[in-house]
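Engineer: The structure that follows is given in the form of structure tokens.
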Amino acid sequence: MSPPPTPNSPAAKPAIAPISKYMINSMIIFHFSQIHMDLETRQLQQLLAEAQQLPEVLLLKPVTTSTNDDVREIAQKGIQSVLVCSTRQTQGRGQRQRQWVSPEGNIYLSTLLQTKTPIDGRLALEIALNILQMPSLQGLALQVKWPNDLYSFQGKWGGILVEPLSSHQAIIGVGININQVEDTQLDQATSSLEQQGLAQAERIRLMAELYLAIQQAGLWFTHNSANLASRFNHYAAFMQQPVEFEHMKGLSQGIFLGIQDDGAVQIQTANGVESFYQGRLRPLTPV
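Each residue of the sequence shown is one higher than the one before, counting from -16 in this note's numbering.
Given below as structure tokens:
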């Protein structure tokens, strides 16, 4: 009988598969991608620390299923302040669980917001208005499409999703098109910040400004959204234009007059001025 192999004998050494050039390149790409993401995380931490708004948990992910779902999972562990950012989502969603097309290279961001006032439809309007006041976006011709779309004359360049966890706590998701999104499944015109004239956008700075804008919106909301109608109507898409409004009872057509201070849409119809709190606003003529 032959003696068992010793640790140094050929039979004792496990076979090692050769490492291909492809595997080496993949490891290098992953390594440098991780280094880049760590650097961006530190940059974002610094910007938020300077503003004294650094959350307990801050995550930058190159790709994720949904940043809102990431925040929900973290919030279930008792974390009170969190920010999750990504440049690609595989299962992004918008209002009424519609798919949110989330290609590579844009900004997808979610955070947890605590409010002293019970959450209602005005919160999304406040978030949109405060995003338009971000320093990086000054000088651009931007609008808000009721109730939660970031808009322009060329179309939608971003959106807001508010998912309440309780009467005073919500997950806030924001998607921003840095680059133009081309998708034949979209049912409305789209645009991007690049198309609006924002050259060489600093993605990390935009992420920081978005987080700060959401926090500022929470303060406006807590203070009863003072003068909401006049502030919103200044940026409202389709003002004084023919529109149709899809609601639970059907469709109403007329002239869009803006909103009331409580956030309700006002439309001049054949029956007079009608107010709506829920539904979908669309232009009757191409924008």
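Note that the Cβ used here is the ideal one computed from N, Cα and C, for glycine as well.
Suppose you measure from the CA of L240 to the CA of P130; what does that come to, to the nearest Å?
Structural biologist: Taking the straight line from one Cα to the other gives about 14 Å.
Engineer: Please state whether the Cβ-Cβ distance between F204 and H230 is less than 8 Å.
Structural biologist: Not a contact, by the Cβ cut-off of 8 Å.
Engineer: Which residue from N254, T252, G255, V248 puts its Cα closest to that of G262?
Structural biologist: The residue with the shortest Cα to Cα distance from G262 is V248.
Engineer: What's the call for F215, buried or exposed, on a 16-neighbour Cβ count within 10 Å?
Structural biologist: Counting Cβ neighbours within 10 Å, F215 comes out buried, since at least 16 surround it.
Engineer: For N210, I'd like the list of residues in its chain whose CB is within less than 8 Å of its CB, leaving aside the five on either flank, ordered along the chain.
Structural biologist: D244, listed in sequence order.
Engineer: Does the distance from the CB of A253 to the CB of Q179 come in under 8 Å?
Structural biologist: No, the pair does not count as a contact, with Cβ atoms beyond the cut-off.
Engineer: Given a cut-off of 8 Å on the beta-carbon distance, is the pair I250 and I242 in contact?
Structural biologist: In this structure, I242 does not lie closer than 8 Å to I250 by Cβ.
Engineer: Round the Cβ separation of L43 and Y194 to the nearest angstrom and send it over; I've been treating them as touching at under 8 Å.
Structural biologist: Actually they do not touch by this definition, with Cβ atoms about 12 Å apart.
Engineer: What residue range is occupied by the uninterrupted beta strand (DSSP E) comprising N251?
Structural biologist: According to the sequence shown, residue 251 is Gln rather than Asn. Unbroken beta strand (DSSP E) run through Q251: 248 to 252.
Engineer: Taking 8 Å as the threshold (C-beta atoms), are Q97 and Q152 in contact?
Structural biologist: For Q152 and Q97, yes; Cβs fall inside 8 Å.
Engineer: For A212, which of T173, G104, P147 has the nearest alpha-carbon?
Structural biologist: Among T173, G104, P147, the Cα nearest to that of A212 belongs to G104.
Engineer: Is A32 buried or exposed, if buried means 16 or more other CB atoms sit within 10 Å of its CB?
Structural biologist: A32 comes out exposed.
Engineer: With 16 as the cutoff for other CB atoms within 10 Å, does G246 come out buried or exposed?
Structural biologist: Under this definition G246 is a buried residue.
Engineer: Comparing alpha-carbon positions, which option in I161, P147, G201, E146 lies nearest L133?
Structural biologist: Checked all of I161, P147, G201, E146; the closest Cα to L133 is I161.
Engineer: Tell me A219's beta-bridge partners as DSSP assigns them.
Structural biologist: Beta-bridge pairing links A219 to V127.
Engineer: Throw me the rounded Cβ distance for the Y218 and V127 pair, which I believe falls under 8 Å.
Structural biologist: Y218 to V127, Cβ: 5 Å. Contact.
Engineer: If distances are taken between C-alpha atoms only, which option among V226, E56, E192, Q224 comes closest to L120?
Structural biologist: Among V226, E56, E192, Q224, the Cα nearest to that of L120 belongs to E192.
Engineer: For T268 and G138, I'd like the C-alpha separation in whole angstroms.
Structural biologist: Looking at the two C-alpha atoms, the distance is approximately 13 Å.
Engineer: How big is the Cα-Cα spacing for K(-4) and P147?
Structural biologist: Interpretation of K(-4) is limited by its pLDDT of 42, a score under 50 that renders its predicted location unreliable; the figure taken from the coordinates is listed afterwards. Roughly 58 Å separates the two Cα atoms.
Engineer: With DSSP collapsed to three states, give me the class of Y194.
Structural biologist: Here Y194 sits in helix by DSSP.
Engineer: Look at the Cβ atom of I154, then the Cβ atom of N51, and state whether they are nearer than 8 Å.
Structural biologist: It is a contact, given that the beta carbons lie within the stated cut-off.
Engineer: What's the call for S208, buried or exposed, on a 16-neighbour Cβ count within 10 Å?
Structural biologist: With 16 or more Cβ atoms within 10 Å of its Cβ, S208 is classed as buried.
Engineer: Could you check what DSSP says for T48 in three-state terms: helix, strand or coil?
Structural biologist: Coil.
Engineer: Could you tell me the boundaries of the alpha helix (DSSP H) in which E109 lies?
Structural biologist: 105 to 115 is the span of the alpha helix (DSSP H), which, as asked, contains E109.
Engineer: Can you give me the Cβ contacts of M222 inside the same chain, cut-off strictly under 7 Å, excluding the 5 residues immediately before and after it?
Structural biologist: N216, F239, G241.
Engineer: Looking at the structure shown, is L43 part of a helix, part of a strand, or coil, going by DSSP?
Structural biologist: Strand, per DSSP.
Engineer: My assumption, with CB atoms under 8 Å, is that L176 sits in contact with I159. Please give the rounded CB distance.
Structural biologist: Right, the Cβ-Cβ distance comes to about 7 Å (below 8 Å), so this counts as a contact.
Engineer: At the level of alpha carbons, what is the spacing between Q183 and M190?
Structural biologist: Q183 and M190: Cα-Cα distance of roughly 14 Å.
Engineer: Apart from the five residues on each side of it in sequence, which residues of its chain come closer than 6 Å, Cβ to Cβ, to P101?
Structural biologist: Excluding sequence neighbours, P101 sits near S150.
Engineer: Within this structure, are the beta carbons of T73 and T94 separated by less than 8 Å?
Structural biologist: No. Outside cutoff.
Engineer: For E227, which residues of its own chain have a beta-carbon under 6 Å away from its beta-carbon, when the five flanking residues on both sides are left out?
Structural biologist: So the qualifying residues of the chain are L234, Q236, R265, L267.
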